[in-house]
Amino acid sequence: MALQRRQFLLLLGAGVGGVALSTTTGCSQQQTQLPFAPVRTPLPLPSDGLTPSQQREAYRVVRINDALSLPEGYDQQLLASWGDPVGSSRFGFNNDFLAFRQLDTNSALLTVNFEYISPLPWSQGFAEVTGSTLPYEQVVQALAGSNGKRDVWADAPAADVTAAINSVAAEALADQGIGVIRLKRDGQGRWQRQPGPEDRRITGLAGLDDPESRLRTTGPASAVFRLAQRQGYDDGLGDRIIGTFANCAGGTTPWGTVLSAEENFQSQVPEDVYADGSAMAPSARPFTCQAKRLYGLGNPFGLAGNKYGWMVEIDPANPGDPGTKHTALGRFRHEAVAVRARAGEPLHVYSGCDRRGGHLYRFLSDGIVNNPSDPANSRLFHSGTLYGAVFNSDGTGSWVALTASTPVNPLPAPVKVPHSDRKRAGAESLDSPAATAAYRQRYSTLGDLYAGEGEAQLGALLIDAHLAANAAGITPTARPEDTVLDPATGDLLVTFTSGMPGNDGTPDPAIFRGPQGQSPWNEGWIMRLSEQGENRFRWQMVATGGEPADGGLGFANPDNLAVDPTGALWMVTDIGTGSQNNDKQNGGVFGNNSCWVIPTSGSQAGEAFCFATGPMECELTGLALTPQADQLFLAVQHPGERHGRREQNAEEARSFQLKLTNGEPLEQLRWVPLGSNWPTGGLPKPGVVVIHRRNGQALLS
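The sequence shown begins at 329 in the numbering used here and counts up by one.
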């Protein structure tokens, strides 16, 4: 049994000495063999069933497809794509997280996140999709002399330019946020759209003109938003918030609500805050518009940066719910969320901060769960304690509370911490042991770093959660993305997408290592974390990305996860657009982003099988299974992000050095399309599909 497979059998509690059993009580054991032949990737894999000589011949020349490719016997149906009507608005851009909620036998709701704008395909297709013109090129030309930047909030540029900028920014924010669409079963039992009263959007500018549509807040940061006097910017809205954007992944609760994670909000509003938690002025993040860059969308509207980067809860079945940002869960670049609600226990919420050197967090409510399905459990998000994970190299770890009394104890330099001049916003870098020692001497506890008393002080700390966690010595990790609970054991499964260093920080090399101990390791991991009580846990890397010859399972950069009723793990990857099929980067050998299945029972347990490959320059996201696992909802995000619309079947030949599964080198010629025409052969558009088997059976039965 290969090492990587042996590790993976530990993922959901399977033993390595025999066949793993189904992880869900009452479910039948998974079939010995999966019912599909894996989709071919450009990288030789053990699942190919080919000898090294056969692999050499089969993979010498490869042509990448601009399609969502599925195994034989499976079909896909496009449910919705950018621009389709949704309530009084439209289906947004760059759909990400999907949450399926079945209402009855024949009706359901699908909640969809819309994360960000890819400027090239968005500006190319806006008129065709919406029927309206967009002054994008006018704005690009007007700002060319200032590197594409303009502080609209403070500078008051010429009226015609202001109107054009406001139009571009407003339309871009309208295409971000959250959406809800109603579904019905057709005569064959397959889900399709049926517009209903629940259909609606909560956009990036929700509430700009209608105060009743503004998002609500709970928790300690609400006290900061209501401050009469503050160090920084005041948007004048108190504890109400205009819109939600940068909505990446998310999660669901046992009582039927959806949690939507605001991730890369720092691209649109200032992230740094002052000691009292107040925001920097909008000028700190000016509007920026170039052919392939669109940032600072909050600047023209004076949005306050400290009001973004939160976890947003909505009830998809209640069209009147404007959404609530629960600030006790902390402000950071939320990627996803997992909620454990057990009767007689506090509510447990797990989420990761998706940045290089970001942290893994846990929230414990002050109150206790009585009935896990009771909608009143939403109140448990209002008050509790946020913890950061400290990982030890021996597989143990602990949760450290982020409270005013927590000691300041930064890890060895370099590390970014709240600026030592507490009249200044943002961070400073401690680059030497002497600087770290001086900082600790000056500030003993986290409370010494944040202004205010009681609730307001805690709110300031939670608004600045990432830097506060750095100051407390929380372990820097490798871009934590999805967090999913094993339904059988309750253990937490965490994907860490990439172990490369970056401007925000560097993952701890004692924890995040490749199969042979390499550091840095780009291809990512899946971790299993088991709570041990008294704020202790154990952890283990149970799967590592990478080429099989190097000890990886054949995928790169794991992202969203789902566990089906048989215990099989479904996963999609997040290879950056610039790395896909890039012959100048090591990650380019893995091709397009893809969807994988890893059985946890039967003779194939612990092996990774490619279920789908995505169109060009896209990311596959969402991964929402029906309760019977007979249909899979999948989001195709940003097709054509780098080259836009593919014209005249443009493609490019590239050469790759990769390895056969036995480690022998192979030089591969790869034909790579430039741009995309997914989903309908013309303009590339993000969209959501539903996948089913032609025979109507469960996907893996």
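Ideal placement from N, C-alpha and C gives every residue a C-beta, glycine not left out. Here the structure is a predicted model, which is why all the values come from computation and not from measurement.
Exercise. Of the choices Thr731, Ile570, Gly532, Leu675, whose alpha-carbon is the least far from that of Trp583?
Worked result: The sequence position of residue 583 within the sequence shown is 255, counting from 1. Residue nearest to Trp583 within the set Thr731, Ile570, Gly532, Leu675 is Leu675 (criterion: CA-CA distance).
For this session: Give the straight-line distance between the Cα atoms of Asn850 and Leu758, rounded to the nearest whole angstrom.
Result: Translated into the one-based positions of the sequence shown, residue 850 becomes position 522. Translated into the one-based positions of the sequence shown, residue 758 becomes position 430. Going from the Cα of Asn850 to the Cα of Leu758 covers about 26 angstroms.
Exercise. Which first and last residues belong to the beta strand (DSSP E) in which Glu590 is found?
Worked result: Here the question's residue 590 lines up with position 262 in the sequence shown. Where Glu590 is concerned, the enclosing beta strand (DSSP E) stretches over 586 to 590.
Exercise. Just reading off the beta strand (DSSP E) that Ile445 is part of, what are its end residues?
Worked result: Here residue 445 refers to the residue found at position 117 of the sequence shown. Here Ile445 belongs to no beta strand (DSSP E), and DSSP marks it neither H nor E.
For this session: Write down the C-beta distance between Pro943 and Ala408 rounded to the nearest angstrom, noting that I regard them as a contact closer than 8 angstroms.
Result: Residue 943 sits at position 615 when you count from the first residue of the sequence shown. Residue 408 sits at position 80 when you count from the first residue of the sequence shown. About 16 angstroms separates the beta carbons of Pro943 and Ala408, which is beyond the 8 angstroms limit, so they are not a contact pair.
Exercise. Under a three-way DSSP split, which group does Glu809 fall into?
Worked result: Within the sequence shown, numbered from 1, the residue matching residue 809 stands at position 481. Residue state, collapsed to three classes: strand.
Exercise. Do the region 885 to 893 and the region 946 to 954 make contact, defined as three or more Cβ pairs closer than 8 angstroms?
Worked result: Judged by Cβ distances under 8 angstroms, the region 885 to 893 makes contact with the region 946 to 954, as three or more pairs qualify.
Problem set entry | Spatially closest choice to Phe937 from Asn634, Leu398, Ala607, by CA coordinates | Here residue 937 refers to the residue found at position 609 of the sequence shown. Residue Leu398 is the option with its Cα nearest to Phe937.
Exercise. Of the choices Ala666, Asp649, Pro650, whose alpha-carbon is the least far from that of Leu657?
Worked result: Sequence index remark: in the sequence shown, residue 657 carries index 329 (1-based). Among Ala666, Asp649, Pro650, the Cα nearest to that of Leu657 is on Ala666.
Exercise. Would you say Thr905 and Ala884 are within 8 angstroms of each other, going by their C-beta atoms?
Worked result: Here residue 905 refers to the residue found at position 577 when the sequence shown is read from its first residue. Here residue 884 refers to the residue found at position 556 when the sequence shown is read from its first residue. No; because the gap between Cβ atoms is not below 8 angstroms, this pair is not in contact.
Problem set entry | Pro628: first and last residue of the uninterrupted alpha helix (DSSP H) it sits in | Looking up residue 628 in the sequence shown gives position 300. That residue, Pro628, is in no alpha helix (DSSP H); it is neither H nor E in DSSP.
For this session: Give the secondary structure of Gln908 by DSSP, where H, G and I count as helix, E and B as strand, and everything else as coil.
Result: As a first step, residue 908 must be located in the sequence shown, where it is residue number 580. Per DSSP, reduced to three states, the secondary structure at Gln908 is coil, with no helix or strand assignment.
Exercise. Taking only runs of the alpha helix (DSSP H) that begin and end inside the region 767 to 845, which ones reach a length of at least 4 residues, in chain order?
Worked result: Under the rule that a run must span 4 or more residues, the alpha helix (DSSP H) segments found entirely inside the region 767 to 845 read 782 to 791, 793 to 799.
Exercise. Apart from the five residues on each side of it in sequence, which residues of its chain come closer than 6 angstroms, Cβ to Cβ, to Gly882?
Worked result: Working through the sequence shown from its first residue, we reach residue 882 at position 554. Hits under 6 angstroms: Leu373, Pro876, Ala936.
For this session: Mind checking which residues open and close the alpha helix (DSSP H) that includes Thr490?
Result: For the purposes of this step, residue 490 is identified with residue 162 of the sequence shown, where counting begins at 1. From DSSP, the alpha helix (DSSP H) with Thr490 extends over 487 to 502.
Exercise. If we ignore side chains and look at the alpha-carbon of each, how far apart do Gly968 and Trp1006 end up?
Worked result: Walking along the sequence shown from the start, residue 968 turns up at place 640. Walking along the sequence shown from the start, residue 1006 turns up at place 678. Each residue's Cα considered, the two are about 8 angstroms apart.
For this session: Tell me whether Gly915 sits in a helix, a strand or coil according to DSSP, three-state version.
Result: Walking along the sequence shown from the start, residue 915 turns up at place 587. Here Gly915 carries a helix assignment [DSSP, helix/strand/coil].
Problem set entry | Expected contact under 8 angstroms - CB spacing of Gly571 and Gly624 to nearest Å | Counting from one through the sequence shown, the residue named residue 571 turns up at place 243. Counting from one through the sequence shown, the residue named residue 624 turns up at place 296. No, Gly571 and Gly624 are not in contact; Cβ-Cβ is about 15 angstroms, not under 8 angstroms.
Exercise. Does any residue of chain D bring its CB to less than 8 angstroms from the CB of Gln522?
Worked result: In summary, chain D is missing from the structure at hand, where a single protein chain is found.
Exercise. Nearest to Val812 by CA position, among Ala763, Leu857, Gln466, is which residue?
Worked result: Here residue 812 refers to the residue found at position 484 of the sequence shown. Nearest of Ala763, Leu857, Gln466 to Val812, Cα basis: Leu857.
For this session: Give a yes or no on contact between the region 765 to 772 and the region 576 to 593, applying the rule of three or more CB pairs nearer than 8 angstroms.
Result: With a cut-off of 8 angstroms, the region 576 to 593 and the region 765 to 772 do not count as touching, because too few Cβ pairs lie within range.
For this session: Determine, using beta-carbon pairs with one atom in the region 378 to 396 and one in the region 976 to 994, whether at least three such pairs fall under 8 angstroms.
Result: In short, these stretches touch, since the Cβ pair count reaches three.
For this session: Could you tell me the boundaries of the beta strand (DSSP E) in which Glu851 lies?
Result: Reading the sequence shown from its first residue, position 523 is the one you call residue 851. Going by DSSP, Glu851 is part of no beta strand (DSSP E) at all; its letter is neither H nor E.
Exercise. Buried or exposed: which applies to Asn1023, given that a residue is buried once 16 or more other Cβ atoms fall within 10 Å of its Cβ?
Worked result: Taking the sequence shown and counting its residues from 1, the one referred to as residue 1023 is at position 695. The C-beta of Asn1023 has fewer than 16 other C-beta atoms within 10 Å across all chains shown, which makes the residue exposed.
Exercise. Straight-line CA distance for Val743 to Asp776?
Worked result: The residue given as residue 743 occupies position 415 in the sequence shown. The residue given as residue 776 occupies position 448 in the sequence shown. Straight-line Cα distance between these residues: approximately 18 angstroms.
Exercise. Nearest to Gln908 by CA position, among Gly879, His971, Tyr636, is which residue?
Worked result: Sequence index remark: in the sequence shown, residue 908 carries index 580 (1-based). Selected option, being the one with the closest Cα: His971.
Problem set entry | Local conformation of Ser706 per DSSP, three classes | Working through the sequence shown from its first residue, we reach residue 706 at position 378. Helix.
Problem set entry | Outcome for Asp792 when other beta-carbon atoms lying within 10 angstroms are tallied against a minimum of 16 | Taking the first residue of the sequence shown as position 1, residue 792 is located at position 464. Buried, since its Cβ has 16 or more Cβ neighbours within 10 Å.
Exercise. So Asp682 and Glu663 are in contact, right, with Cβ under 8 angstroms, and what is the actual spacing, rounded?
Worked result: Translated into positions along the sequence shown, residue 682 becomes position 354. Translated into positions along the sequence shown, residue 663 becomes position 335. Yes, Asp682 and Glu663 are in contact; Cβ-Cβ is about 4 angstroms, under 8 angstroms.
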